[in-house]
Structure formats: structure tokens, C-alpha cells
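2 protein chains.
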Amino acid sequence: MKLNYHHLYYFWQVAKSGHLTRTAEALHVSQSSLSQQIRQLEERLGQALFIREGRQLHLSEAGRLAFDYAETIFTQGEELSALFAEGGHAHREVVRVGAVATLSRNFQEGFVRPLLGRDDLDLILQSGGMDDLLRRLSAHKLDVVLSNQPVRGDSEHPWRSQRLARQPVSLIAAPHLSPPPAFPKGLSGHAFILPGVENATRHAFDQLCSHYRLTPKIAAEVDDMAMMRLLARDTQHIAVMPPVVVRDELHNGTLKDYGALPGVWEEFYAITIQRRFESPSLKALLTRSGESLLD
Amino acid sequence: MKLNYHHLYYFWQVAKSGHLTRTAEALHVSQSSLSQQIRQLEERLGQALFIREGRQLHLSEAGRLAFDYAETIFTQGEELSALFAEGGHAHREVVRVGAVATLSRNFQEGFVRPLLGRDDLDLILQSGGMDDLLRRLSAHKLDVVLSNQPVRGDSEHPWRSQRLARQPVSLIAAPHLSPPPAFPKGLSGHAFILPGVENATRHAFDQLCSHYRLTPKIAAEVDDMAMMRLLARDTQHIAVMPPVVVRDELHNGTLKDYGALPGVWEEFYAITIQRRFESPSLKALLTRSGESLLD
DNA sequence: ATAAATCGTTCTTTAAAACAGAACGAACAG
DNA sequence: CTGTTCGTTCTGTTTTAAAGAACGATTTAT
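Chains as they are written, first to last, in UniProt numbering: chain L, 1 to 295; chain F, 1 to 295.
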């Protein structure tokens, strides 16, 4: 037995104003009709939504609960309605991409590159924390979230994490360092700029160090790749990061790649909610091979 | 001309499965009925929601948009429905209070104290950042947010900030300090533990210092009142905080109150969204005099 | 290649709902 | 005590949703 949204709508309107007669006039229906349909809703839900005191209506506790739901339901509906009302113009395709703020900008750019040239489509890029982005994903305010970590979905949040690409992680530092850093030997006297502890790359790095019984000196822990790039450029410390991030600096000799760390990868995941109808453009993005994303 | 949620529901169901006939069977209606009502929805919105290719249905861009809205609308509806379905038992009153994590725990406790004894009511307390809490407030997942700062509401977010109480802010430190700190003189040689710069109390403190041309030495900036309490207890520095926070320590002599700062107040605000029907218990909380909150 | 089956649309009829109007009763104002 | 106001209930009417049949287009099977 399904919930009747028509009834719920009337309930919502009456609950908002608190008056049956006035609402009936505003909605251009008779008060008897309103009264009946609200009663039907109450019967359907099995509980009184209003407490009748004399000739006044007060929300019951159940009513307050229902009202909260009705509020989000119908504000959404009105938003939708308004969206279609404003000019009958056809809707352009929209792809909304969220990326965790700590993600390499190069990668983000590589991901959306196929969409950049197209003027038949709106691209929306948003940065944020993982929690925030996933919330937006669940609320259908985003189509995909880019992250360097997969997430485990559950029945309530049926997220799907798909690895798009992985890239090696190197020791990056100023050129002409002496002694030149190398892994696993030749690190003495150097300090490190590392990703923060909640980063998966950092975890892999720590494991690697532990395996070789190294306790590297840490100069800084940085979450943001753009920030790490700056620090690598402006200090004499060794940054542990994917070379792509500092591609330009490597090319023009400002920085040098002292070699990749074995078994340490920066990984990239696309997190989506499984849907029957994915946007065709997004689908195309997700089925590309990983290579083209990382150059 | 209002949006027909009945039509939207059918559209949502068909869009989810992608098949009209199967959906018709699942919903126990004829496919003709489904087809017609979806067509009516399209006419109402002025745009095709499905693209008919041969005998297949694909979502149009407008359809994808509508589907996203429908999704949130009807998942909310199903949640509501489920809530009432699980046993016909009457709903207990619920008061959901959010508090910014930096707020004094004493104050939070004082605020909800009248509700603690009542077993006819569920109390839900949540901590979090201001952004997060306000989002929950807007989504009707919270009834009130406690903060030490007011927020300005706008048309989209009609928040109402109501000052509940204010309390003096004192210099708090270990007893028997020499020289005993005093304001505005007698601060030399002492360092301070202060609230973070985004805190309104800190702002008032800085203004006061600037007025007396003082540049106090800062030992630590702490956002969390509970943390500040610990630091005050375990260091020799002077904490700038409301005495309430360390009431116990003041009482048993672990800490000493060296006097209130003139014109500096810690303020407490309750942020709500204006509604016609507030929970009576919440209403009672909000109309109390401020004094009882702070002892 | 042609027949049969599948799937969505359209038209017409039938069933179900939403609706309006009148009668009723309780609460409040003067 | 007498209007008037406001919500409820009952009854008949109107509107809307639903079912069924006919149709056309597309895919599958023979």
C-alpha cells in the first residue's frame, strides 16, 4: 500500500499554515476535500498527524516527523518544477565531478580532458573533503567522485569504486643533491616531505621503510599535492610523490626524479553510484584505459 | 499548474528499470496507463523525458535531471513510509540538538538538562563543524544548533539566531602564580592559552589588548574548550576562558580565577529554522532565561 | 523472407479518486 | 445568548486514473 503524495502535499500545506480553511482557499479547493484527504493520509499511516484541540489544529509528534519529510520532498519537487519552468529550452548535458582536495590536479585535468573541448555540455568541478563529496554523490548532486582511495559501499550507500589508473611514486628533490638520494640506501642526511598519514601512498611508503628498517627523518607532512609541489621546489628536502605532479619542474630541470619506489603506487579511483542510465559522456570517461589519464 | 507526483512516481519507476512493460507488471497496472501518465508528465514539464529509439526507452538529459530529483523525493517518501510502517506504535517525541564541537560541554549540558529526566522523549546530541551542522539543520535532521556565534540567515536558509546566554571570560591559571596575573597590568612573564582566531571571544580579547596596547605572548591557540581546560590544568600558562568550563577545578583549588576581562563575553546562540510548529519541549528550552544555563 | 512475438503508443470505455456543497457540531466573540 | 468561525461528515457530481482493444514499429524465430 503506497504512500499518496497528493495527500501528503495537502498535509504539508496545511501544516505549514496551521489553518485548514485558509489553506483550502489558497489552494482553490474546498475545505471538506482537504479535511478528507488528510484524514485518509492519517488512516494510511495509522496515526494522527494533527491533534484537534477545539477548532485548532496542532501537529502531533508523528505529524512533526511527517512534516520534516514532506518539507524535503516538496521543496525538491518545487525545485524540479522551477527548473523546467524557466524557459522551455532543452537541457544541456551536465557532468558533475567531485575530487578530493588532496588529489593531483594533473590527474583531475586528465580525467575531464575529453569533455573540455565540447560546448554541448556543462562541466562542473568541485573540490572537497571525502565525506562531503560522498554526501553530495548520494544526494545526486555529483555524478562521480575522484579519490586516491576506494570506498566500501553498503546497502544504504551502493557506491562503486573503480580504479582508473595508478602511477609510480618517486623520490623528488632539487637536482645536484649530494649525496644523491637513492632507495633504500643513501638517504642519510636527508629529510622527507611526505603525504599525510591517512593517505594510502603514505601507508605504502611506511611499510616499505619498515621492511628495510629505515626511520626516515620527516620534514613535513602535506595533504595537498599542489602544496607538496611547492615545498619540493622551495626546500632541499626529498618529496615522496608521483612525478606527474611536478612534470613541468622535472622537464625544465628545477627538480629531479631520483627514482621510483618499488611497489608504491598512487592510485586513482572513480566512485559512482550504480545507475541504469549513466550519462553517456561520463560512461565514456570511466571506460577509458588508464594510460591517457596520466601523461 | 502543479507537478503531479503520481506521474513522477511512475516515471521514476520506469526510469529505474528502463522497461515500461516490466514496470507495469511490477506495479500491477497496465502498460497503457503507465505510458499515458508519463506522457502527461512530459507535457506538463514541456520536454521529453525519454528518447524513444525503436521500442526502447532511453533517458533524455532532461529525464536524467528529473530522475535525480525523483530519486531523492521518493527515497524520502519511502523512508517516511517505512518509519510509520514499523509497528503502529505512537511516535515518541524527539529533540535533536547539534552543538559545534568547540562549545563548552557544561553549557550544552545546561541547555538540555530539563530534558534529561524525561523518559517520554528521545534526546539526540550531535557534535560537528558549523557547516555540517547547518546543513543538517536545513535538511531537518536537527531541531536546533548551539553555537558561540550567530549566523546570518538568507532567503534560502531562513536561520534564526537567538542569544541564549552570555558569560564573563576570565584569566584562569594555576593558583599561587607569582607575580599574580592581572589585567591590564601584571601580565609580563606570562604566556596565554587563547581560543582560535575565528572565535568571537578571541576577537574581543584581541580588541581589548589592542586598546591597552598589549601584545601578549601566546603559548597556544585552542578551539576546543575541553582541550583548553586540560591545558590550563597542566601548564603554567594563563587561559582566557569562561570560568564555567573549569568550575570543578576552581572549586577544588586546582585552578584559580584571576578576574574577568571587561567587556569580553562568551556568548551562546541557538540557531533554528523558523517553523510554525516547534516541538513544545524545544520551545520551552529556547524561552528559558539564560541564567539557569550557566551555573 | 515471412510469420510470430515483443514492446510502446493511442483510442475508448470503465472504475476510482478527488471534489464541492450542504448539514452538523463544537468553540469562541460580542 | 446569539452570530460567526472553523473543522468534520455525508452525499452526489466531476475529474482522473486505469483497463482493454487496436495499432504500428522493431526484433526474433522459422
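Every residue gets a Cβ at the ideal spot worked out from N, C-alpha and C, and that includes glycine.
Pair within 8 Å by beta-carbon distance, phenylalanine 107(L) and phenylalanine 205(L) = Sequence index remark: in the first sequence, residue 107(L) carries index 107 (1-based). Sequence index remark: in the first sequence, residue 205(L) carries index 205 (1-based). Note that the C-beta distance between phenylalanine 107(L) and phenylalanine 205(L) is not below 8 Å.
ask   = Residues in the stretch 54-78 of chain F with C-beta within 9 Å of chain L's C-beta atoms, listed in sequence order?
value = The residues in question are His58, Leu59, Ser60, Glu61, Ala62, Gly63, Arg64, Leu65, Ala66, Phe67, Asp68, Tyr69, Ala70, Glu71, Thr72, Ile73, Phe74, Gln76, Gly77, Glu78.
ask   = What residues in its chain sit with their C-beta under 6 Å from that of valine 94(F), if we drop five residues either side in the sequence?
value = As a working mapping, residue 94(F) is identified with position 94 in the second sequence. Cβ neighbours of valine 94(F) within its own chain (closer than 6 Å, five residues either side excluded): Asp122.
key: Proximity test, Cβ basis, 8 Å: phenylalanine 84(F) and chain L   = Numbered from its first residue, the second sequence carries residue 84(F) at position 84. At least one chain L Cβ lies under 8 Å of phenylalanine 84(F).
inquiry  = Against chain L, does alanine 204(F) count as a neighbour if the rule is that its beta carbon must be under 8 Å from one of theirs?
reply    = For the purposes of this step, residue 204(F) is taken as residue 204 along the second sequence, with counting starting at 1. It does not; no Cβ of chain L falls within 8 Å.
ask   = Measuring CA to CA, which of Asp132(L), Ala174(L), Glu53(L), His28(L) is closest to glycine 128(F)?
value = Start at 1 with the first residue of the second sequence, and residue 128(F) comes out as number 128. The shortest C-alpha to C-alpha distance from glycine 128(F) to any of Asp132(L), Ala174(L), Glu53(L), His28(L) is the one to Asp132(L).
ask   = Thinking just about the alpha-carbon of each residue, which of Ala270(L), Ala260(L), Val244(L) is nearest to the one in methionine 130(L)?
value = Taking the first residue of the first sequence as 1, we reach residue 130(L) at position 130. Nearest Cα to methionine 130(L) within the set Ala270(L), Ala260(L), Val244(L): Ala270(L).
ask   = Since leucine 80(L) and leucine 3(F) are thought to touch, with beta carbons under 8 Å apart, how far apart are those beta carbons, to the nearest angstrom?
value = By 1-based counting over the first sequence, the position of residue 80(L) is 80. By 1-based counting over the second sequence, the position of residue 3(F) is 3. Yes, they are in contact, since the Cβ atoms of leucine 80(L) and leucine 3(F) sit about 7 Å apart, within 8 Å.
request  = Could you spell out the range, first to last residue, of the beta strand (DSSP E) harbouring glutamine 56(F)?
outcome  = Locating residue 56(F) in the second sequence gives position 56, counting from the first residue. Run containing glutamine 56(F): 56-59, per the beta strand (DSSP E) assignment.
request  = List the residues of chain F whose Cβ lies closer than 9 Å to the Cβ of glutamate 93(L), in chain order.
outcome  = As a working mapping, residue 93(L) is identified with position 93 in the first sequence. Per Cβ cutoff of 9 Å: Glu61, Arg64.
ask   = Does the beta-carbon distance from arginine 160(L) to glutamine 274(L) come in below 8 Å?
value = For the purposes of this step, residue 160(L) is taken as the residue at position 160 of the first sequence. For the purposes of this step, residue 274(L) is taken as the residue at position 274 of the first sequence. Closer than 8 Å, so yes.
inquiry  = With H, G and I counted as helix, E and B as strand and the rest as coil, what does DSSP make of threonine 272(L)?
reply    = Position 272 of the first sequence, counted from the first residue, corresponds to residue 272(L). Note: threonine 272(L) maps to strand in three-state DSSP.
query = Between serine 30(L) and the rest of its own chain, which residues show a CB-CB distance below 7 Å, the 5 nearest in sequence each way excluded?
reply = Translated into the one-based positions of the first sequence, residue 30(L) becomes position 30. Ala24, listed in sequence order.
inquiry  = I need the boundaries of the alpha helix (DSSP H) containing arginine 113(F), first residue and last residue.
reply    = As a position in the second sequence, residue 113(F) is number 113, starting the count at 1. In this chain, the alpha helix (DSSP H) harbouring arginine 113(F) covers 105-116.
Cα-Cα separation between cysteine 209(F) and lysine 217(F), rounded to whole angstroms = Within the second sequence, residue 209(F) is the residue found at index 209, counting from 1. Within the second sequence, residue 217(F) is the residue found at index 217, counting from 1. Between the alpha carbons of cysteine 209(F) and lysine 217(F) lies a distance of about 11 Å.
task = Leaving out five residues on either side along the sequence, give the residues of the same chain with a beta carbon under 8 Å from the beta carbon of leucine 59(L).
result = Counting from one through the first sequence, the residue named residue 59(L) turns up at place 59. These residues qualify, in order along the chain: Ala15, Leu49, Phe50, Ile51, Phe67.
query = Buried or exposed: where does lysine 283(F) fall if 16 or more other Cβ atoms within 10 Å of its Cβ makes it buried?
reply = Stepping through the second sequence from its first residue, residue 283(F) is reached at position 283. Exposed, by the Cβ-count rule.
key: Short-range partners of chain F found in the stretch 5-35 of chain L, where Cβ spacing is below 8 Å   = Identification of residues in the stretch 5-35 of chain L having a C-beta nearer than 8 Å to some C-beta of chain F yields Tyr5, His6, Leu8, Tyr9, Ala15, Lys16, Ser17, Gly18, given in sequence order.
request  = Using alpha carbons as the reference points, say which of Ala191(L), Gly186(L), Arg39(L), Gly77(L) lies closest to methionine 1(F).
outcome  = As a first step, residue 1(F) must be located in the second sequence, where it is residue number 1. Shortest Cα-Cα distance from methionine 1(F) to any of Ala191(L), Gly186(L), Arg39(L), Gly77(L) involves Gly77(L).
message = With three or more C-beta pairs closer than 8 Å as the rule, is the stretch 134-145 of chain L touching the stretch 95-106 of chain L?
response = Cβ pair count under 8 Å is three or more, so yes.
ask   = Can you tell me whether DSSP reads glutamate 71(L) as helix, strand or coil?
value = Walking along the first sequence from the start, residue 71(L) turns up at place 71. Reduced to three states, the DSSP call for glutamate 71(L) is helix.
ask   = Among residues of its own chain, excluding the 5 on either side of residue 296(L), which ones have a beta-carbon nearer than 6 Å to its beta-carbon?
value = A query on residue 296(L) cannot be resolved here, the shown segment of chain L reaching from 1 to 295 and no further.
key: is_contact[alanine 101(L), chain F] using C-beta, thresh 8 Å   = Along the first sequence, read from residue 1 onward, the residue named residue 101(L) stands at position 101. For alanine 101(L), the answer is no, since every Cβ of chain F falls outside 8 Å of its Cβ.
Between the CA atoms of leucine 137(F) and isoleucine 124(F) - distance to the nearest angstrom = Against the second sequence, residue 124(F) aligns to sequence position 124. Against the second sequence, residue 137(F) aligns to sequence position 137. Cα-Cα distance, rounded: 13 Å.
query = In its own chain, which residues sit with a C-beta less than 6 Å from the C-beta of proline 179(F), not counting the 5 before and 5 after it?
reply = Within the second sequence, residue 179(F) is the residue found at index 179, counting from 1. So the qualifying residues of the chain are Gly186.
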